[in-house]
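Residue numbers (my numbering), protein chains in the order written: chain A, 6 to 273; chain B, 6 to 273.
Everything on this sheet refers to the single structure shown next.
What follows is the structure, given as C-alpha cells:
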C-alpha cells in the first residue's frame, strides 16, 4: 500500500508519453528498496509547457523528474542550477528539487553510455571513433567520449550544420580530442557508434556504411528496441564486437537513482 | 512494474498532505484490479493554488483527483460541470477529466456517510437527528440526511451563523425535513452525529452533551482516528448503538472508484 501522504513523488515527462517504461522501472526500484516513493508518467502539449511546468514547480512534494523528448532543452532553461554535463548541451534529462524549491538539472545520456561501454570492457581513451548523429543524445555522447579521452571523433549528421556546431563546441571544451565532421564511414576507426533513431523501424536503412566495418572494430547502437538492430546484426556477421543500447539505459537508471538520492538495496 | 507511459494518473490534493492515506488505498485497488494506474499525493501552498491547478490541468494524462482540505471549494470553482451533490455545497471532493480536458466535480462526503449508515442498518427516514458541525463535511451530511428523508435535523456549530446559513439552504432544498439551529443536546433525538474534528485529540472535550444520551439512540462519529472516540465510548457505556467513521471512508472509496471508472475485481 505504497503512496502515503509522506511519499516522495517523481515524474517522467515526455510528449507523447505512451511509449515510456521508466516510471515502472523506478517504481520497482522504490518497492525493492522499501521506499514509500512513486513515479508517474506526465505529459502536456508543447503549447501548455510553461503552464505545466509552473504547476509542477508549485507542487511542493514532487521531488524530481526524468525529462525526455521534446522537453529536455525547455526544462533545462527552467532550472536555477545545473551540472556541467547538462549545461554544455543546454539539456536536462533529470531534475531534482532544491531546498529553496527551484530545480537543479543534470543529464545522464552520456554518463550511462560511457558506463555501459566501460562495463563491456570497451576502451575509449586513445581510440578513433565514428559517431553518427549529433542531435540531443548525440551531443551528450560526443562530449562524454571526448571527456573520456577519445583520440579522434568523426562526427556525422544529416544536418551538417548541427554536426559542425557540435564539433566546434566539443573541440573547444576538450582540445585533447581531434574532432571533425565527416562521412558515415567507419574506415580507420576503432569504434563506430549509431546515435540516431535510424534502425528502430525494420524498414530503416543502415545508419552508416557497414561495408567498411572490419572485425577489429567495436560497433555500438544506442537504440534499445529492437535489441539487435540491423546495424548490430551486420557488425556481428563481420566479426565486430557489438554493444547494444539497453545497458546504457540500465546505467542511466543507476546514475539517476543516485541523483534522486534513492538508496538502493540489492538491485544492480 | 506498474507505471508505464499508458498509465492513468490520479492525484490526492491536500495541504498539508502528510497525514493522507488515500493514494495508498487506491494504489492497492489498482494493483488488485490489475490496472496500470497510479495515485500520488500532491500538495501546494494556498498562494500557489491557481498556478498548481493550471499545471495539473495541462498535464493531460492526469485523469482525476481526490480533493481534501483546504481546496474543496477552490477546486469546485475550477470545474466546468458538477453533480448536484457538489454544486449545492460548492465543494468538490473528487474531480475527473472530461473529454474536452475540463474537470467535472462530485462530492462523496455525504454519500459515504449515508451508505455506511445504511450498511449498519441505521434508519434515517423519519428520524429526528442532532448534527454537530456545519463545516465542509457537515454541509454534505446535512443535505444527504435531508435527502434520505430525515424528519428533523437539529444543527449545531460553534459558528452559529454558519449553522443558520446551512439550515436555511437545506430547508429550501428539502422542505420535507424540519431543520433548525439548536444546542448540542441530543434530548428527544433518534440519532446524534458528530461532524466536527472534536475528538481527534485525547485532550478534546466531548462535541455534545453526552449526559443527555439514552440507550435508544444511535451515536455516529465521522472521525476515523481514533476509531473509538471519547464520544463513542461514552455512548457505548450508556447502551447506545454506535457507528464509527471508518466505514464512511470505505464507502467513499467505493463511490470514488465508480466515479473514476475503476473496475474493481474481488475487493468490497
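All residues carry an ideal CB built from backbone N, CA and C; glycine is no exception.
Note that the coordinates shown come from a computational prediction; the quantities given were computed from them, not determined experimentally.
Span of the alpha helix (DSSP H), counted from its first residue to its last, around residue i
i, result
"residue 252 of chain A", "251-264"
"residue 116 of chain B", "114-124"
"residue 148 of chain B", "141-152"
"residue 89 of chain A", "89-92"
"residue 72 of chain B", "Segment 67-72 is the beta strand (DSSP E) holding residue 72 of chain B; no alpha helix (DSSP H) there."
"residue 81 of chain A", "77-81"
"residue 169 of chain A", "165-178"
"residue 55 of chain B", "54-63"
Residue closest to residue i, alpha-carbon to alpha-carbon, out of the options
i, options, result
"residue 217 of chain B", "B/200, B/64, B/172 and B/189", "B/189"
"residue 147 of chain A", "A/125, A/60, A/177 and A/82", "A/177"
"residue 88 of chain B", "B/145, B/239, B/8 and B/227", "B/145"
"residue 260 of chain A", "A/59, A/251 and A/117", "A/117"
"residue 58 of chain A", "A/247, A/80, A/34 and A/102", "A/80"
"residue 77 of chain A", "A/96, A/85 and A/86", "A/96"
"residue 138 of chain B", "B/249, B/39, B/42 and B/187", "B/187"
"residue 72 of chain B", "A/84, A/20, A/248 and A/10", "A/10"
"residue 249 of chain A", "A/243, A/238, A/258 and A/55", "A/238"
Boundaries (first-last residue) of the beta strand (DSSP E) holding residue i
i, result
"residue 16 of chain A", "13-18"
"residue 28 of chain B", "Premise fails: residue 28 of chain B lies in the alpha helix (DSSP H), 27-37, not in any beta strand (DSSP E)."
"residue 232 of chain A", "It is not in any beta strand (DSSP E) - residue 232 of chain A carries neither H nor E in the DSSP assignment."
"residue 197 of chain B", "196-199"
"residue 97 of chain A", "Counting along the chain, residue 97 of chain A falls outside any beta strand (DSSP E), and DSSP gives it neither H nor E."
"residue 85 of chain B", "Unbroken run through residue 85 of chain B: none, as it is neither H nor E."
"residue 45 of chain B", "42-47"
"residue 226 of chain A", "223-226"
"residue 246 of chain B", "246-248"
"residue 23 of chain A", "First-last for residue 23 of chain A: undefined, no H or E at that position."
"residue 158 of chain B", "157-161"
"residue 135 of chain B", "133-137"
"residue 111 of chain A", "108-111"
Check whether residue i and residue j have beta carbons under 8 Å apart
i, j, result
"residue 234 of chain A", "residue 204 of chain A", "yes"
"residue 92 of chain B", "residue 100 of chain B", "no"
"residue 206 of chain B", "residue 232 of chain B", "no"
"residue 106 of chain A", "residue 63 of chain B", "no"
"residue 222 of chain A", "residue 253 of chain A", "no"
"residue 212 of chain B", "residue 236 of chain B", "yes"
"residue 121 of chain A", "residue 256 of chain A", "yes"
"residue 2 of chain B", "residue 34 of chain B", "This structure gives no information on residue 2 of chain B, because the portion of chain B shown stretches from 6 to 273."
"residue 172 of chain B", "residue 227 of chain B", "no"
Exposure of residue i, with buried meaning 16 or more beta-carbon neighbours within 10 Å
i, result
"residue 32 of chain B", "buried"
"residue 123 of chain A", "exposed"
"residue 37 of chain B", "exposed"
"residue 3 of chain A", "A query on residue 3 of chain A cannot be resolved here, the shown segment of chain A reaching from 6 to 273 and no further."
"residue 230 of chain B", "exposed"
"residue 162 of chain B", "buried"
"residue 199 of chain B", "buried"
"residue 185 of chain A", "exposed"
"residue 22 of chain B", "buried"
"residue 82 of chain B", "exposed"
"residue 98 of chain A", "buried"
"residue 151 of chain A", "buried"
"residue 191 of chain B", "buried"
"residue 220 of chain B", "exposed"
"residue 271 of chain B", "Its pLDDT being 44, under 50, residue 271 of chain B is placed unreliably by the model, and the measurement read from it follows with that caveat. It counts as exposed."
"residue 115 of chain B", "buried"
"residue 266 of chain B", "exposed"
"residue 90 of chain A", "buried"
"residue 39 of chain B", "exposed"
"residue 50 of chain A", "exposed"
Cβ-heavy atom distance, residue i to the ligand GTP, below 7 Å
i, result
"residue 168 of chain B", "With respect to the ligand GTP, the structure offers nothing, as it holds no ligand at all."
Original post:
Does the segment 152-165 of chain B come close enough to the segment 121-134 of chain B to have 3 or more Cβ pairs within less than 8 Å?
Top reply: At 8 Å Cβ cutoff, the stretches touch.
Original post:
Touch check for the segment 48-68 of chain B and the segment 7-17 of chain B: three-plus C-beta pairs under 8 Å?
Top reply: Contact between the segment 48-68 of chain B and the segment 7-17 of chain B is present, because at least three Cβ pairs lie under 8 Å.
Original post:
Using 8 Å as the threshold, is the segment 45-55 of chain B in touch with the segment 18-31 of chain B, meaning 3 or more CB pairs across them?
Top reply: yes
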